[in-house]
Structures are given as structure tokens and as C-alpha cells.
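Chemist: Handing you this structure, nothing more for now.
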Amino acid sequence: MTPDVREVVDRVLDGLPARGRALVAIDGIGASGKSTFAGALVEHVAPRAVALLHADDFFRPADVRHARGRFSPEGFWLDTYDHDRLTAAVRRAGADGTLVVVEGTFLLRDELVGLWDRSVYLDVPFAVARERMRRRGGLDESVADLLLDRYEGAQRIYHALARPWERASVVVDTTEPARPRVIDPSLAHAAGRSRG
């Protein structure tokens, strides 16, 4: 873990109890570095009891996720995640006083925002995230642009409705993953995008 990452993780953890239950959300657009940041946070608190949950493990069945069309941004925003199952899993994981870290998209939406003791919004420009997704691989190239448009469109809906950078306890610019930096919410790339 680089000193920059350690400093940001310390800032996120500041004020949380050293023991006992705490629920932490790591939110951001696709390819903003959520899994990497969550992993660094978990590594940093060892040997504390911690559960790491991934929102992507709480997808609804494909027929539900794609009911509005496979490439529908509204479908991705509204139909992808089973929030009730995710919430139940978070509460179960934290029942014994464990630190629970959840990483995923849309974690600061109305249905979930009140669940967290601490929340982080990882902020990165859409163009950077799209390039990271392409480099990551796993996208069917024949429909890659349609899928990326779906994900970005859903995130734009989320930004317009929830303004997650304003709801987060901490906003972190992850444009340079090895050098994340805490920023004022008003400076978030997302804040600028939502205005226009």
C-alpha cells in the first residue's frame, strides 16, 4: 500500500470505533477503483474482524436485469441489484460486531444511503473509467460500446437523482489510482458532470 493510499484509508477510518460493528460503503462509477480501495481498507484494518461484500454478488436474475432491454441505462439503474438481499447480508455480516465493507455502484441511492456509518465516493471522469473498462477486458467487442453506454447512462441517472458525492462521508479522486486524494465534494468530476 502506497503512503498516499494509506493516508486516504486512515481518513476514511478516522472516527470509526476500533472495535464493534461499523458499516462502510465504497461507491463510485464502474472502474473507479472500488474493489482495489476496499481491499486496501480491509488490509489496513487487519487483524480486526472484517467482512468484505461486493454489490455485484447481489445481482437480480438476468431476465429481471434485462427486462427493459439488455442495453437500457434505466434497466441497469433500476433492475440490476437486489437491495433487500444486499441489506440483509450487510446486517447479518455486522451482527457480531464485525466491520463490514461493501463495495459497489449505487450504494448511496435513497434505498441504501441510511445504512452506512461511513461512506466513500470514488470520483473519476467517465472517459478514464471507460478506458479502464476496455483495458480490463471481458467485454464482447461487438457490443462493447452499447454496454459501456448502458453503464455510463445508468451512472448519469444516479448522479442526477442521488448526487452521491454530496452524500458521501469522504470523496476521493481516483483518477491516479496509486495517488488517490481526498477532495471537497464541490470539486468532484461528478459534480461538474451533473450540472451540464
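According to the working numbering, the stretch in the sequence shown is residues 76 to 271, in order.
Idealized CB from N, CA, C, for every residue including glycine.
How about residue 51 and residue 150: do their beta carbons lie closer than 8 Å?
Modeler: Because the chain is modelled from 76 through 271, residue 51 falls outside the range shown and cannot be assessed.
Chemist: Using CA atoms only, rank isn't needed, just tell me which of 210, 127 and 235 is closest to residue 177.
Modeler: Of 210, 127 and 235, the residue nearest in Cα terms is 127.
Chemist: Please tell me whether residue 197 and residue 134 are closer than 8 Å, where the distance is taken between their beta carbons.
Modeler: Against a cut-off of 8 Å, the Cβ pair of residue 134 and residue 197 comes out as no contact.
Chemist: Please work out which residues of its chain come closer than 6 Å, Cβ to Cβ, to residue 207, disregarding the five sequence neighbours upstream and downstream, and give them in chain order.
Modeler: 106, listed in sequence order.
Chemist: Assuming residue 195 and residue 87 make a contact with CB atoms under 8 Å, what is their CB distance in whole Å?
Modeler: That pair is a contact at about 6 Å.
Chemist: For residue 209, list the residues DSSP reports as bridge partners.
Modeler: BP columns for residue 209 are empty, so no partner.
Chemist: Is residue 239 buried or exposed, if buried means 16 or more other CB atoms sit within 10 Å of its CB?
Modeler: Under this definition residue 239 is a buried residue.
Chemist: Does the Cβ of residue 193 have 16 or more other Cβ atoms within 10 Å, making it buried, or fewer, making it exposed?
Modeler: Residue 193 should be labelled buried.
Chemist: Return helix, strand or coil for residue 146, following the three-state DSSP convention.
Modeler: The answer is coil: DSSP assigns residue 146 none of H, G, I, E or B.
Chemist: Using CA coordinates, which residue listed in 254, 205, 233 and 188 is at the minimum distance from residue 98?
Modeler: Ranking the options by Cα distance to residue 98, first place goes to 188.
Chemist: Using three-state DSSP, classify residue 257 as helix, strand or coil.
Modeler: Strand, per DSSP.
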